[in-house]
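I have placed the structure first, in the form of structure tokens, so that the comments after it can refer back to it.
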Amino acid sequence: MPLTRRALLTAGTGTAAALALTPAPAHARTRPFGHHGSPDRRRTPGTLYVDPHGRGDFTSVQAAVTAATGSGRTLVIAPGTYRETVAVDAGRTEMTWIGASEDPRDVVIVYDNAAGTPKPGGGTHGTSGSATTTVQADGFTARWITFANDWLRADHPDTTGTQAVALKAQGDRSAFWHCRFLGHQDTLYADSTALSAFARQYYAHCHIEGDVDFVFGRATAVYEHCRFRTLDRTDLSAPPYGFVFAPSTARANPHGMLAVRCRFTSGAPDGAYKLARPWVPSNETTARPALVVRDSVIGPGIDPVAPYADMRDAYPWQSMRFGEYRNSGPGAVVTVPANRPQLTAAEAAWHTPAAYLGDWRPREAARISIG
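Heads up: the sequence shown is residues -28 to -1, 1 to 343, going by mature numbering (1 follows the signal peptide of the UniProt record, and there is no 0).
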């Protein structure tokens, strides 16, 4: 029996149930906000509570965001599936979202727009407009949340704009802990607000899955202890099925994307995916994409012979800033050295989370209690 549209998204997470449609955990029925307080016992005056069953301040995430004006507000989100689009504008700085159960499978923010989906007022959404959640504010933190876009190509065979973003993050100092990012094409858009803005983002212990360019953008983005899972595709007869990374780093930015101590797994045949291809946008032709994957386990789903590819002939991957260091696993085996640029130990010293994030220490900030 073919998987349902939501089961397809969860195929890489070890559950055959539909996306977040399983009954809420028992404790959520009596204590929807866990040990994070409640509207009657607020952790801080700036904490708001979201619950789809009406036991919080708001039943939707966007309603809570709209009410959370100013800086330093916290949203505690009860278990549930929140089918909505959410936007955090640049003025709502230092905002924190907490999944109350501390299990990202329980709190799911999901919608199904794609780039080619028609807008009510005419035209289509485009890639950026397809995002289920968009965060422009600096200092945003999320813990134990699933961000998803469950738009599927099979449901819309006539749609050509198949990019469908789960999260678009643009702010500086954006941190995501124990989150899931589920989608197919363009799942996680790690971006900045402008070509000259080198937004720093940190993803720790996260699960990210998709097929085509599903981690992309121009942010300075560090992925530490994350799992990247490539999905199977029945609509293609031969590889490549897709690409994990598609950075579009600004030429002036010394740091692009860094994956360190991560795992690359797959539900597709061996060698069906490329590790990366450079994205040079038509309106930003000065971009020089940068990616380093180091100290990671690369499974057999990644083509070990030719793990990189061109997005356009005018911008060959060899002219970009791609590198690897001390990776292991069948997808990391170097069979054609020219196709696997390896860093020296001296070069690798410049590609660490601390070097990329500068004076921002997200791990230190995470130790500070929210009140």
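Here a beta-carbon is modelled for each residue, glycine too, at the ideal position from N, C-alpha and C. From a predicted model like this one, the values you see are computed outputs, not experimental measurements.
Under a three-way DSSP split, which group does residue i fall into?
| i | result |
| --- | --- |
| ALA262 | strand |
| SER220 | coil |
| ARG125 | helix |
| ARG293 | strand |
| ALA320 | helix |
| LEU154 | strand |
| TYR328 | helix |
| GLN34 | helix |
| ALA240 | coil |
| ARG335 | helix |
| ALA304 | helix |
| THR132 | coil |
| GLN2 | According to the sequence displayed, residue 2 carries Thr and not Gln. Helix. |
| ALA310 | helix |
| SER254 | coil |
| VAL269 | strand |
| THR(-7) | Low confidence applies here, because THR(-7) scores a pLDDT of 45, under 50, leaving its location unreliable and the question unanswered by this model. |
| ARG229 | With the sequence shown as reference, residue 229 is identified as Met, and Arg is not the correct amino acid for it. In the structure shown, MET229 sits in a strand (DSSP, three-state: E or B). |
| TRP15 | One point to set straight first is that residue 15 is Arg, not Trp, in the sequence displayed. Coil. |
| VAL22 | strand |
Mind checking residue i: buried by the 16 CB within 10 Å criterion, or exposed?
| i | result |
| --- | --- |
| ALA141 | buried |
| TRP149 | buried |
| HIS97 | buried |
| TRP322 | exposed |
| ASP110 | buried |
| HIS7 | exposed |
| LYS91 | exposed |
| GLY(-15) | Any reading at GLY(-15) needs caution, since the residue's pLDDT is 37, under 50, leaving its predicted position unreliable; the model's value is listed next. Exposed: under 16 other Cβ atoms inside 10 Å. |
| ASP78 | buried |
| GLN108 | buried |
| PRO24 | buried |
| GLN135 | buried |
| ALA286 | exposed |
| THR16 | exposed |
| ALA176 | buried |
| LEU230 | buried |
| GLY93 | exposed |
Could you check whether residue j and residue i sit closer than 7 Å to each other, using their CB atoms as the reference points?
| i | j | result |
| --- | --- | --- |
| HIS156 | ASP127 | no |
| MET283 | ARG312 | no |
| VAL22 | ALA36 | yes |
| PHE236 | ILE270 | yes |
| LEU167 | GLU256 | yes |
| ASP185 | ASP158 | yes |
| ILE70 | ARG14 | no |
| TYR174 | VAL187 | no |
| residue 380 | ALA171 | Given that the chain is displayed from residue -28 to residue 343, the structure contains no residue 380 and the question cannot be resolved. |
| VAL252 | ALA259 | yes |
| ALA169 | PHE153 | no |
| ALA86 | SER102 | yes |
Hey, residue i and residue j are a contact pair by Cβ (cut 8 Å); roughly how many whole angstroms apart?
| i | j | result |
| --- | --- | --- |
| PRO241 | GLY228 | Not confirmed; about 29 Å, so no contact. |
| PHE119 | CYS151 | 7 Å |
| TYR297 | GLN314 | 7 Å |
| ALA40 | PRO4 | In fact, because the Cβ distance is near 19 Å, the residues do not count as touching under 8 Å. |
| THR131 | GLY88 | 4 Å |
> In chain order, which continuous runs of the beta strand (DSSP E) of length 3 or greater are located wholly inside the stretch 38 to 108?
Replying inline: The qualifying runs are 46 to 49, 52 to 55, 58 to 60, 68 to 71, 79 to 83, 105 to 107.
> Residue ranges of each beta strand (DSSP E) run of no fewer than 3 residues wholly in the stretch 153 to 217, ordered along the chain?
Replying inline: 160 to 162, 172 to 176, 179 to 182, 187 to 189, 192 to 196, 199 to 202
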